[in-house]
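Colleague: For the record, the sequence lines run as chains A and B. In this note's numbering, each number is its position in the first sequence, counted from 1, plus 148. In this note's numbering, each number is its position in the second sequence, counted from 1, plus 1. All C-beta atoms, glycine included, are put in the ideal place defined by N, C-alpha and C. First the structure, then my questions, so here it is.
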Amino acid sequence: DVKVTQSSRYLVKRTGEKVFLECVQDMDHENMFWYRQDPGLGLRLIYFSYDVKMKEKGDIPEGYSVSREKKERFSLILESASTNQTSMYLCASTLAGGAYEQYFGPGTRLTVT
Amino acid sequence: GIQVEQSPPDLILQEGANSTLRCNFSDSVNNLQWFHQNPWGQLINLFYIPSGTKQNGRLSATTVATERYSLLYISSSQTTDSGVYFCAAFRPNFGNEKLTFGTGTRLTIIP
Numbered sequence: 149d150v151k152v153t154q155s156s157r158y159l160v161k162r163t164g165e166k167v168f169l170e171c172v173q174d175m176d177h178e179n180m181f182w183y184r185q186d187p188g189l190g191l192r193l194i195y196f197s198y199d200v201k202m203k204e205k206g207d208i209p210e211g212y213s214v215s216r217e218k219k220e221r222f223s224l225i226l227e228s229a230s231t232n233q234t235s236m237y238l239c240a241s242t243l244a245g246g247a248y249e250q251y252f253g254p255g256t257r258l259t260v261t
Numbered sequence: 002g003i004q005v006e007q008s009p010p011d012l013i014l015q016e017g018a019n020s021t022l023r024c025n026f027s028d029s030v031n032n033l034q035w036f037h038q039n040p041w042g043q044l045i046n047l048f049y050i051p052s053g054t055k056q057n058g059r060l061s062a063t064t065v066a067t068e069r070y071s072l073l074y075i076s077s078s079q080t081t082d083s084g085v086y087f088c089a090a091f092r093p094n095f096g097n098e099k100l101t102f103g104t105g106t107r108l109t110i111i112p
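Written out as structure tokens, the structure reads:
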């Protein structure tokens with residue numbers, strides 16, 4: 149079974165803190181994604197990576213950065229957390245090409261106070 | 002980019018009833034998936050179905066790629082079926098390999 153894990157289910161941080169969200173997949177997938185989900189706005193892509201050290205901006209990259217030093221791990225970084233980054237963050241992975249099944253982690257519900 | 006629309010937005014049913022959820026997409030697709038988001042927020046894969054018909058227990062799905070729609074059928078609904086159902090589609094777009102999600106159907110099963 150494909151397994152995508154995220155480092156935390158719930159996280160509370162203060163405004164201005166640097167926040168790291170970690171995602172690990174165990175299926176040797178080339179592509180990894182970070183989405184955020186907000187009520188009324190659906191799922192929106194923040195960044196995706198198609199290979200180690202490679203990244204592409206998604207629809208809403210502002211205020212975020214990412215790191216992919218190993219194939220199985222994709223990190224989302226909030227350089228200086230703000231209250232408008234309170235959200236559900238979902239990581240996903242898939243084989244290269246886009247036409248393959250995408251698998252999601254359990255999500256991290258981040259609250260910035 | 003591709004547009005994905007789901008209907009109905011909300012559905013309330015009695016336990017034991019059957020339901021049909023619809024997903025329309027605006028262009029040909031290489032990938033079409035159905036997900037169930039559970040109360041804890043996790044997206045559970047239901048079907049990977051760019052075309053054809055698949056069944057898994059009480060759930061089945063059909064995608065008619067030529068007519069650009071997919072249907073998810075849930076038979077003999079149980080309270081554990083409650084949650085939000087999303088369809089998502091992929092079409093190659095200048096190297097952007099993201100899925101485009103619909104806005105979801107919120108299903109509530111009443112005991």
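For my contact list, L238 of chain A and V167 of chain A are in at a C-beta cut-off of 8 Å; report their separation, rounded to the angstrom.
Modeller: By one-based count along the first sequence, residue 238 of chain A stands at place 90. By one-based count along the first sequence, residue 167 of chain A stands at place 19. About 15 Å; that fails the 8 Å criterion.
Colleague: Given that L193 of chain A touches chain B, what residues does it touch there, using C-beta distances under 8 Å?
Modeller: To locate residue 193 of chain A, count along the first sequence from 1; it is residue 45. In chain order: K99.
Colleague: Spatial neighbours of A1 of chain B within its chain, please: CB distance less than 7 Å, with the 5 preceding and 5 following residues excluded, ordered by chain position.
Modeller: The structure shown does not extend to residue 1 of chain B, since chain B is modelled only from 2 to 112, so the question has no answer here.
Colleague: Determine the DSSP secondary structure at N19 of chain B, reduced to helix, strand or coil.
Modeller: Numbered from its first residue, the second sequence carries residue 19 of chain B at position 18. In this structure, N19 of chain B counts as coil in the three-state DSSP scheme.
Colleague: Do Q185 of chain A and S235 of chain A have their CB atoms nearer than 9 Å?
Modeller: Residue 185 of chain A sits at position 37 when you count from the first residue of the first sequence. Residue 235 of chain A sits at position 87 when you count from the first residue of the first sequence. Yes, Cβ-Cβ distance for Q185 of chain A and S235 of chain A is below 9 Å.
Colleague: Counting only the same chain and skipping the five closest in sequence on each side, list residues whose C-beta sits under 6 Å from that of T242 of chain A.
Modeller: Indexing the first sequence from 1 puts residue 242 of chain A at position 94. A distance below 6 Å between beta-carbons, with the five flanking residues on each side excluded, links T242 of chain A to the following residues of its chain, in chain order: H177, N179, Y248, Q250.
Colleague: Which residues in chain B have a C-beta closer than 7 Å to the C-beta of M236 of chain A? List them in chain order.
Modeller: For the purposes of this step, residue 236 of chain A is identified with residue 88 of the first sequence, where counting begins at 1. Those are G42, listed as they occur along chain B.
Colleague: Taking CB distances under 9 Å as the criterion, tell me whether Y49 of chain B reaches chain A.
Modeller: Counted from its first residue, the second sequence places residue 49 of chain B at position 48. Taking Cβ atoms only, chain A reaches closer than 9 Å to Y49 of chain B, which makes this a yes.
Colleague: May I have the straight-line CA-CA distance separating D28 of chain B from L224 of chain A, to the nearest angstrom?
Modeller: One-based indexing of the second sequence puts residue 28 of chain B at position 27. One-based indexing of the first sequence puts residue 224 of chain A at position 76. Their Cα atoms are separated by approximately 31 Å.
Colleague: Do F26 of chain B and A90 of chain B have their CB atoms nearer than 9 Å?
Modeller: Counted from its first residue, the second sequence places residue 26 of chain B at position 25. Counted from its first residue, the second sequence places residue 90 of chain B at position 89. It is a contact, given that the beta carbons lie within the stated cut-off.
Colleague: Verify the CB distance criterion: does Q250 of chain A have a CB-CB separation below 9 Å to chain D?
Modeller: Looking for chain D here will not work: the only protein chains present are A and B.
Colleague: Mapping DSSP to helix, strand and coil, what is Q38 of chain B?
Modeller: Walking along the second sequence from the start, residue 38 of chain B turns up at place 37. In the structure shown, Q38 of chain B falls within a strand segment according to DSSP collapsed to helix, strand and coil.
Colleague: So N57 of chain B is in the beta strand (DSSP E); what residue range does that whole segment cover?
Modeller: As a first step, residue 57 of chain B is located in the second sequence; it is residue number 56 there, counting from the start. Counting along the chain, N57 of chain B sits inside the beta strand (DSSP E) bounded by residues 53 to 57.
Colleague: What do you reckon, is the C-beta of E165 of chain A under 8 Å from a heavy atom of the ligand PLP?
Modeller: Looking at this structure, you won't find the ligand PLP or any other ligand, since it has none at all.
Colleague: Is the distance from the Cβ of F252 of chain A to the Cβ of F222 of chain A below 9 Å?
Modeller: Counting from 1 along the first sequence, the entry for residue 252 of chain A is found at position 104. Counting from 1 along the first sequence, the entry for residue 222 of chain A is found at position 74. No, these two residues do not count as a Cβ contact at 9 Å.
Colleague: Examine the Cβ distances between the segment 8 to 17 of chain B and the segment 189 to 208 of chain A and report whether three or more of them are shorter than 8 Å.
Modeller: no
Colleague: For Y158 of chain A and I75 of chain B, I'd like the C-alpha separation in whole angstroms.
Modeller: Counting from 1 along the first sequence, the entry for residue 158 of chain A is found at position 10. Counting from 1 along the second sequence, the entry for residue 75 of chain B is found at position 74. When rounded, the distance between both Cα atoms is 31 Å.
Colleague: For chain A, check one thing: does any of its Cβ atoms lie closer than 9 Å to the Cβ of K66 of chain B?
Modeller: Residue numbering aside, residue 66 of chain B sits at position 65 when the second sequence is read from its first letter. Here residue 66 of chain B is Ala; the residue named in the question, Lys, does not match the sequence. It does not; no Cβ of chain A falls within 9 Å.
Colleague: Identify the contact partners of N46 of chain B in chain A, using a Cβ-Cβ distance below 7 Å as the criterion.
Modeller: Locating residue 46 of chain B in the second sequence gives position 45, counting from the first residue. Within 7 Å Cβ-Cβ: E249, Y251.
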